[in-house]
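Residue numbers for the sequence shown follow our numbering, beginning at 1224 and rising by one.
Shown next, in structure tokens, is the structure this report addresses.
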Amino acid sequence: MSRGNTRGERPGSYRGFELLPVHLYVLAHLKKAGVDYAKMMSKMSGLPLELIEDSINDLLELGLIERDSGSAIKRSRARFKKAFEVHKHHTYYRLSREGELFVRSIDERWLKRYFNALLPNGWKVVNALAESRDVKGVTRIVKIKDDTLEELKILRFVTERGRKTEFFRRLWEFL
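Next up, the structure:
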């Protein structure tokens, strides 16, 4: 079975599919939560529901996640739930076996290659952003160009005003 980034693949791709940060967020969220639904992932990350749903569909096609069957779910499986048992009113998703293996293979080395492929000097930039309040704090640590700042906005890591987004905070916390 192929795990993660095999030889010849670009960093951040899985079986030739280019993984975006939102894909990583969904995978990391499901690893942390056990099972969850799209609307909750959207609410926690601050991303539009449509973006989360598109990412879920991509990951379903890749076989990294799967729909969770049954009509009720216990808190032992859905770790973000407050009640002991919840009847499902949404479509819940969980990591597939292949998804679990892939997420397990994501380590600091993989993340370093991924973010460096995503942005110029990416690993240093995202580490600096994680430690800073906003982009001004990043520029004190790492020199970034205007196009890198625009890319951070496109990736939804920072707002138009240069502050970290909830999405970036959650992604960094979960990874």
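Even for Gly, the Cβ is constructed at its ideal location relative to N, Cα and C.
Original post:
Span of the beta strand (DSSP E) holding leucine 1318?
Top reply: 1315-1318
**OP:** Measure the C-alpha to C-alpha separation of tyrosine 1237 and aspartate 1259 and round it to an integer number of angstroms.
**Re:** 22 Å
**OP:** Tell me the start and end of each unbroken alpha helix (DSSP H) in the region 1228-1283 that is at least 4 residues and wholly inside, in chain order.
**Re:** Counting only runs of 4 or more, we get 1244-1256 and 1261-1268.
Original post:
Under the three-state reduction of DSSP, which class applies to glutamate 1289: helix, strand or coil?
Top reply: strand
Subject >> Endpoints, alpha helix (DSSP H) assigned at phenylalanine 1390 >> reply: 1389-1397
Subject >> the region 1355-1368 contacting the region 1384-1392, beta-carbon criterion three pairs below 8 Å >> reply: yes
Original post:
Could you check where the alpha helix (DSSP H) with glutamate 1374 kicks off and where it finishes?
Top reply: 1369-1377
**OP:** Kindly indicate which residue of Leu1378, Arg1393 and Leu1287 has the alpha-carbon position closest to the one of phenylalanine 1452.
**Re:** Outside the displayed span of the chain (1224 to 1398) sits residue 1452, for which this structure offers no information.
**OP:** Determine the closest residue to leucine 1274 out of Leu1247, Gly1257, Ala1256 and Ser1292, with distance taken between C-alpha atoms.
**Re:** Leu1247
Original post:
For valine 1348, which residues from the same chain have a beta carbon less than 7 Å from its beta carbon, with the 5 sequence-adjacent residues on both sides left out?
Top reply: Here the set comprises Leu1342, Val1361, Val1365, Ile1367 and Thr1371.
Subject >> DSSP beta-bridge partners of aspartate 1357 >> reply: Arg1386
Original post:
Comparing alpha-carbon positions, which option in Ser1292, Asn1344 and Phe1397 lies nearest leucine 1375?
Top reply: Residue Asn1344 holds the alpha-carbon nearest to the alpha-carbon of leucine 1375 among Ser1292, Asn1344 and Phe1397.
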